[in-house]
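Trainee:
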Amino acid sequence: MADADSSADKVWPTGLTEEQSEEIHRHLIQGTQIFGFIAALAHLFAYIYSPWLK
Amino acid sequence: MIYGKLWLVVRPTVGIPLFLGAVAVGSFAVHVALLTNTTWVKKFLNGAAPAATAAIEDSAQRMAAAPPTLVLPAQTVKQ
């Protein structure tokens, strides 16, 4: 007998299913990675073209 | 994905703005702290010294006032 909490169709207190929660999280992680990459690039340019750390 | 079930217990309408807001406030605070606690950021953003800028502008104005003229060497002029 399957545990009621592990059901894929169960709607949790936030109103989401496990699948929906995973999807939101996937997008959030991807956005964070893109933001991080752009920020790293910006810091590299700042290091090269400004007196920062010199 | 690790922590993928977070949004089952935290409402995305609360958690996502909180997360993005924390990132925005944190990064803004770091840059404001840099601007207020160092001297070089302000100097760098101000660009070149005013004296050097004035000299460049003066030179550009003189170039604009006197249009270029063509002066031929004497031997190339035939009469």
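Protein chains in written order, with my numbering: chain A, 1014 to 1067; chain B, 11 to 89.
Don't be surprised by glycine CBs; every beta carbon is placed ideally from N, CA and C.
Evaluate B/Trp-50 with the Cβ neighbour count: other Cβ atoms within 10 Å of its Cβ, from every protein chain shown; 16 or more gives buried, anything less gives exposed.
Mentor: Numbered from its first residue, the second sequence carries residue 50 of chain B at position 40. Flag for B/Trp-50 reads exposed.
Trainee: Between A/Asp-1042 and B/Ser-37, what straight-line distance do the alpha-carbon atoms span, to the nearest angstrom?
Mentor: Position 29 of the first sequence holds residue 1042 of chain A. Position 27 of the second sequence holds residue 37 of chain B. Residue 1042 of chain A is actually Ile in this sequence, not Asp. Their Cα atoms are separated by approximately 18 angstroms.
Trainee: For B/Leu-45, collect the residues of the same chain with a Cβ closer than 6 angstroms to its Cβ; drop the 5 residues on either side in sequence, then sort them by chain order.
Mentor: Translated into positions along the second sequence, residue 45 of chain B becomes position 35. Correct list, in chain order: Val-51.
Trainee: Is any beta-carbon of chain B found at less than 8 angstroms from that of A/Ile-1047?
Mentor: Working through the first sequence from its first residue, we reach residue 1047 of chain A at position 34. No, no contact with chain B.
Trainee: For A/Asp-1022, which of helix, strand or coil comes out of DSSP?
Mentor: On the first sequence, residue 1022 of chain A is found 9 positions in, with the first residue counted as 1. Coil.
Trainee: Where does A/Ser-1063 fall in DSSP's three states?
Mentor: What you label residue 1063 of chain A is simply residue 50 of the first sequence in a count that begins at 1. Residue state, collapsed to three classes: coil.
Trainee: What residues from chain B crowd round A/His-1056, counting only those whose CB sits closer than 9 angstroms?
Mentor: In the first sequence, counting from the first residue as 1, residue 1056 of chain A sits at position 43. For A/His-1056, no chain B residue has a Cβ inside 9 angstroms of its Cβ, as the nearest lies near 11 angstroms away.
Trainee: Using DSSP with H/G/I as helix, E/B as strand and the rest coil, what is B/Leu-55?
Mentor: As a position in the second sequence, residue 55 of chain B is number 45, starting the count at 1. Here B/Leu-55 sits in helix by DSSP.
Trainee: Taking buried to mean at least 16 other C-beta atoms within 10 Å of its own C-beta, is A/Thr-1045 buried or exposed?
Mentor: On the first sequence, position 32 is the one that residue 1045 of chain A refers to. By the C-beta density criterion, A/Thr-1045 is exposed, having fewer than 16 other C-beta atoms within 10 angstroms.
Trainee: Which residues of chain B have a Cβ atom closer than 8 angstroms to the Cβ of A/Leu-1041, listed in chain order?
Mentor: The sequence position of residue 1041 of chain A within the first sequence is 28, counting from 1. Ile-26, Phe-29, listed in chain order.
Trainee: Using only the alpha-carbon positions, how far apart do A/Leu-1057 and A/Ile-1047 sit?
Mentor: Stepping through the first sequence from its first residue, residue 1057 of chain A is reached at position 44. Stepping through the first sequence from its first residue, residue 1047 of chain A is reached at position 34. So the alpha carbons of these two residues sit roughly 15 angstroms apart.
Trainee: Taking B/Leu-44 as part of the alpha helix (DSSP H), name the residues at either end of that continuous run.
Mentor: Position 34 of the second sequence, counted from the first residue, corresponds to residue 44 of chain B. Segment 22 to 47, the alpha helix (DSSP H) holding B/Leu-44.
Trainee: For a contact defined as C-beta to C-beta under 7 angstroms, what are the partners of B/Val-40 on chain A?
Mentor: Against the second sequence, residue 40 of chain B aligns to sequence position 30. Going along chain A, no residue has its Cβ under 7 angstroms from B/Val-40, so there is no contact; the nearest lies around 11 angstroms.
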